[in-house]
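These notes concern the structure reproduced below.
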Amino acid sequence: MNEYLPKALVIGSGFGGIGAALRLRALGYHVDLVERLDSLGGRAQVFEKDGFRHDAGPTVITAPFMFEDLFSLFDEKLSDHLEFVPVSPWYRFHFPDGSDFDYGDDMAAFEAGMAKYREADIEGYRRLLDASREIFEVGFEKLADQPFLKFTDMLKQVPALLRLRSDLTVSQFVKKYITHPYLQQALSIHPLLVGGNPYDTTSIYALIHYLERKWGVHFCMGGTGKLVTELEKLMRRHGVAIHTGADVEEIVVSGKKVTGIKCTDGREMEADLVVCNADPPTVYREMMPVGGKSFLRPKKIIPEALTKYSMGLYVLYFGTTRQYPDVAHHTIWLGERFKALLNDIFNKQIATDDFSLYLHRPTATDPSFAPEGCDSFYILCPVPNLQGNIDWDVYGPELRNRIVKALSETIMPDLESHVTADFWMHPGDFEKQYRATYGAGFSIAPVFRQSAWFRYHNRDPDIGNLYFVGAGTHPGAGLPGVLSSAKALEKMIPAQSNLQSQLYSDELASDVLAEAGE
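Quick note: the sequence shown, position 453, residue 549 per this note's numbering, numbers continuous.
Set out below in structure tokens:
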């Protein structure tokens with residue numbers, strides 16, 4: 097090629113990084129995607145053991161159109177490559193008294209379920225949904241993919257944020273409309289799926305209620321591993337160069353400009369701009385040069401000493417030698433304590449004897465995850481991150497046994513006799529495997545003082561060609577959040593010549609096919 101095509105380099109291949117690579121490619125950039133693991137997906141890895149398959153990362157798809165957008169950037173259809181199916185119920189809650197509550201798209205069944213606890217809360221929920229829609233129309237439709245680069249960007253939104261009472265927590269928001277304690281817990285649970293304590297997380301996240309009603313909750317047949325595979329094929333078809341096993345040691349900076357990266361294996365790559373899908377605290381602490389005041393000052397308004405990180409995750413994977421058809425695809429098992437337990441996890445950061453759990457049973461929808469007549473399970477248990485002083489070599493096996501015993505005595509009879517091929521990950525594994533600061537499951541916590549402009553910025557305040565996508569930057573964790581952060585790049589980075597882009601895409605695609613022997 098005679099003309100120079102600007103080069104973009106994306107660090108990390110979580111869904112934020114994949115979205116960034118595809119959007120930059122569509123803007124006309126030569127894109128290199130580097131991933132320290134041997135396969136793409138970031139935390140969305142796939143584990144297999146003894147015939148059982150497990151998605152290691154996100155399992156709930158709530159805004160499927162955002163994935164459709166990535167295919168449509170290249171005039172392709174998602175449905176030609178992937179099948180998203182609605183899940184019903186969205187979630188089944190199991191309460192300490194043994195009762196169950198299904199939360200899903202069937203409003204008649206949902207309201208009948210609420211009536212078993214408190215009939216007056218049906219009207220309260222309708223008003224909650226109206227309020228959630230108002231938050232959604234501002235927080236998601238107007239702000240989710242808007243980069244907050246200046247404080248004035250935040251000030252412009254203050255009237256709307258005050259009107260919507262974003263100073264309230266999700267728990268406070270729900271309690272305005274719902275009176276039964278169990279229903280309050282069930283309808284406040286969403287922040288835990290993005291790393292937040294419902295008693296601390298800003299009520300902006302209450303928009304998830306309306307988001308789910310608008311688009312539903314879906315599962316990708318084949319799992320999120322299949323989703324990553326097809327997105328990887330999409331990137332390769334359209335000229336994104338992918339490098340796995342590339343652990344970034346340093347982001348090279350000259351003056352106030354990024355010029356490329358150095359990897360631990362000696363590889364060096366140049367770039368005109370860099371997009372980080374890595375955990376922002378890790379990037380600034382471990383990947384940036386040490387010399388120079390501009391790199392030492394805080395990259396967000398809240399100093400590190402006051403920064404609040406999301407909880408850690410203990411994730412237990414196992415198969416069963418029998419099936420449990422009464423366990424829904426997404427099941428939330430709540431213990432006797434709720435607020436006190438979350439306080440122990442998020443604030444006291446201590447190990448507890450009790451717990452609450454999120455169970456993912458993909459075989460409820462896709463039998464391919466387990467041998468015939470068996471089930472596959474992924475159980476997520478919120479725990480303190482590594483700021484807590486917990487010996488995971490001791491506590492990990494103990495927690496496994498307590499979880500299996502508790503489920504065996506409640507919703508999964510005789511589980512202790514049928515569990516097989518089990519293993520687990522704890523916050524120490526998250527720190528080592530994903531370079532997550534303190535092993536936090538979702539980077540910094542989604543509290544109000546760490547939202548929008550107060551979060552890590554989508555573009556570094558000093559270095560004009562260093563960008564961030566993913567859970568740690570605006571708008572936050574969760575699939576809609578990280579995909580929105582990638583979309584925000586389009587508002588900050590200019591498009592390049594489509595002609596140059598097509599020429600490069602054709603060249604690189606030919607090279608990839610030649611290397612594959614096709």
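In this text, a Cβ means the ideal position worked out from N, Cα and C, and glycines have one as well.
Return helix, strand or coil for residue i, following the three-state DSSP convention.
i	result
K444	helix
D227	The displayed chain sequence assigns Ala, not Asp, to residue 227. A227 falls in the helix class under three-state DSSP.
I114	helix
E215	coil
N403	With the sequence shown as reference, residue 403 is identified as Thr, and Asn is not the correct amino acid for it. DSSP places T403 in coil when its eight states are reduced to three.
V313	coil
V500	helix
T355	strand
V106	strand
T516	strand
M162	helix
S350	strand
L476	strand
L123	coil
G415	strand
D471	strand
K389	The pLDDT assigned to K389 is 42, lower than 50, so where the model puts this residue is not dependable; a value taken from the coordinates is nonetheless given after this. DSSP places K389 in helix when its eight states are reduced to three.
L133	coil
Can you give me the Cβ contacts of residue i inside the same chain, cut-off strictly under 6 Å, excluding the 5 residues immediately before and after it?
i	result
R229	Y306
H426	Y187
F236	L303
H314	I157, P160, F180 and P182
A152	Q141 and F143
On the criterion of 16 or more Cβ atoms from any shown chain inside 10 Å, does residue i qualify as buried, or is it exposed?
i	result
G362	exposed
S580	buried
M203	exposed
L289	buried
Y100	exposed
V181	exposed
G194	exposed
G113	buried
V490	exposed
E505	exposed
F519	exposed
P590	exposed
E328	buried
R119	buried
E527	buried
L224	buried
Distance, Cα to Cα, residue i vs residue j?
i	j	result
Q280	G566	29 Å
L264	P160	29 Å
L482	I475	20 Å
T320	T248	38 Å
I446	G484	6 Å
I338	V515	38 Å
G335	L129	11 Å
G131	N373	Here residue 131 turns out to be Glu, not Gly, going by the sequence shown. In a straight line, the C-alpha of E131 is about 10 Å away from that of N373.
I231	A302	7 Å
Q268	D375	30 Å
T340	D134	5 Å
I441	P102	46 Å
G110	G137	5 Å
P185	D226	21 Å
K173	A140	22 Å
E400	H522	23 Å
E345	Q529	15 Å
D343	L166	26 Å
N443	L257	26 Å
G469	T459	10 Å
R149	F465	5 Å
V324	V106	16 Å
D201	G312	7 Å
L575	C477	19 Å
Given residue i, which residues of its chain have a CB within under 7 Å of its CB, disregarding the five upstream and five downstream residues?
i	result
A211	I218
E326	H177 and L178
D196	R188, F189 and H190
P467	G147
Whose C-beta lies closer than 8 Å to the C-beta of residue i among residues of the same chain, with five residues either side of it excluded?
i	result
V354	I347, V348, A367, L369, V370, I559, N561 and L562
I428	Y187, R188, F189, H190, A282, I285, S452, L453, Y454 and L455
M317	L178, E179, F180, V181, T461 and D462
H553	P243, F244, L245, K395, K396, F564, T569 and H570
For chain B, is any of its Cβ atoms less than 9 Å away from the one on residue i?
i	result
K246	Absent from the structure: chain B. Only one protein chain is present.
Examine the ligand PLP and report whether any of its heavy atoms sits within less than 8 Å of the Cβ of residue i.
i	result
N293	With respect to the ligand PLP, the structure offers nothing, as it holds no ligand at all.
Between the stretch 577-590 and the stretch 223-243, do three or more beta carbon pairs fall short of 8 Å? Taking 8 Å as the limit for Cβ pairs, the verdict is that the stretch 223-243 does touch the stretch 577-590.
Check whether the stretch 141-148 touches the stretch 408-420, counting contact only when three or more Cβ pairs, one atom from each stretch, lie closer than 8 Å. Yes: the two stretches touch, three or more of their Cβ pairs being nearer than 8 Å.
Would the stretch 539-553 and the stretch 289-305 be scored as touching if the rule is three or more Cβ pairs under 8 Å? Short answer: they touch.
Hey, is the stretch 442-452 in contact with the stretch 490-499, meaning 3+ C-beta pairs nearer than 8 Å? By the Cβ rule, the stretch 442-452 counts as touching the stretch 490-499, because three or more pairs are nearer than 8 Å.
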